[in-house]
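S.K.: Residue numbers (the numbering used here): -6 to 80.
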């Protein structure tokens, strides 16, 4: 059975369903780092450092069978802006 981690509890970032939040994905040659509201919440080795990246924003939810909050097919995401920089 997969380990379920509630990021809002672990990182103390509050309820992500209220208000806008600033998400940042920093893609470097060696690492990919994700920040939410300025707090680093994830980092992994970048296995795709020779690839071209394109931003994708969608409501793709995958939860374990024991957690079924989206059984009715609902989901909503509002994007206020998207900014991309290249070094």
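Cβ coordinates follow ideal geometry from the N, Cα and C atoms, glycine included.
Predicted model only: the values in this text are computed from it and were never measured.
#1: Touch check for the stretch 44 to 53 and the stretch 29 to 36: three-plus C-beta pairs under 8 Å?
#2: Starting from residue 36, trace the beta strand (DSSP E) in both directions and tell me its first and last residue.
#3: Taking the beta strand (DSSP E) that residue 18 belongs to, which residues open and close that run?
M.R.: The answer reads as follows:
#1: no
#2: 32 to 38
#3: For residue 18, the enclosing beta strand (DSSP E) covers residues 16 to 20.
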